[in-house]
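Peer 1: Here this note's numbering runs 1473 ahead of the position in the sequence shown, where the first position is 1.
All C-beta atoms in this analysis are idealised placements derived from N, C-alpha and C, irrespective of residue type, glycine included.
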Amino acid sequence: MNVMLAGKSIAILAANGFDENQMTEIQRALTTAKAKFKTVAPENGVVNGWQKDHWGHYFPVDAPLGEALGSDYDMLVIPGGERGIAKLKTNLHTRRIINHFLEAGKPIAAIGAGVALLALSPRIAGMMIAAPVEAHEELKAAGAVISEDVQETHDMLLTSNGEDNAVWVADAMILFGTAEQPALQAA
């Protein structure tokens, strides 16, 4: 896969307790694609990952969530991790960022528990979403249609129930690369 995203800016939305494996795999792919990415988090300085059953590594926070603007980014990544997602759900700035990306039709790649954040936006009504069982009710309440598949793409939204991180990362890169094409053709 030779997706190049040079010049594109990606926000990775995370909070203490994010799924470290999901985060590092997408970061690795974005680095290979020459994308600029920033970790956007409610924490100051660093955000702590979660590895299966214990705390993981610290990652630098590049942009405070309260100051981040969706218009500063071309794409959004939402890794899972129930602890981190629980924190992000209570932050009003999370809703603002997600609404911006959905309203603007910008690419979003969400996986595992991170998919539940999409329920914060009324824009997901009618969208086909793949999500872990724990998120089904809140997504349905927001009007989403739950897919039986492990992964689903609806327009510029890629969602995964979290069962296959490698496939999600590969498909996220394809989605982001596809979003790149109209800009290249217009140049």
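1) Could you check how far apart the C-beta atoms of F1649 and M1548 are, in whole angstroms? I think they sit under 8 Å.
2) Leaving out five residues on either side along the sequence, give the residues of the same chain with a beta carbon under 7 Å from the beta carbon of Y1546.
3) If you compare alpha carbons, which of F1510, A1502, A1487 and L1486 is closest to V1640?
4) Comparing C-alpha positions only, which one of A1615, P1580, M1629 and A1643 sits nearest to R1596?
5) Determine the contact status of G1674 and F1491, defining contact as a CB-CB distance below 8 Å.
6) In whole angstroms, what separates the C-alpha of G1557 from that of E1498?
7) In terms of alpha-carbon separation, which member of K1507, A1582 and E1576 lies closest to A1487?
8) With H, G and I counted as helix, E and B as strand and the rest as coil, what does DSSP make of N1539?
Peer 2: In short:
1) Mapped onto the sequence shown, residue 1649 falls at position 176. Mapped onto the sequence shown, residue 1548 falls at position 75. Contact flag correct, Cβ pair sits at about 5 Å.
2) On the sequence shown, position 73 is the one that residue 1546 refers to. Hits under 7 Å: S1482, I1483 and A1484.
3) Against the sequence shown, residue 1640 aligns to sequence position 167. The candidate whose alpha carbon is nearest that of V1640 is A1502.
4) Taking the first residue of the sequence shown as 1, we reach residue 1596 at position 123. With distances taken between Cα atoms, R1596 lies closest to A1615.
5) With the chain covering 1474 to 1660 only, the question about residue 1674 has no answer from this structure.
6) The residue you call residue 1557 lines up with position 84 of the sequence shown. The residue you call residue 1498 lines up with position 25 of the sequence shown. Going from the Cα of G1557 to the Cα of E1498 covers about 17 Å.
7) In the sequence shown, the residue the question calls residue 1487 occupies position 14. Comparing Cα-Cα distances from A1487 to each of K1507, A1582 and E1576, the minimum goes to A1582.
8) Position 66 of the sequence shown, counting from 1, holds the residue named residue 1539. With the sequence shown as reference, residue 1539 is identified as Gly, and Asn is not the correct amino acid for it. Coil at G1539, not helix or strand.
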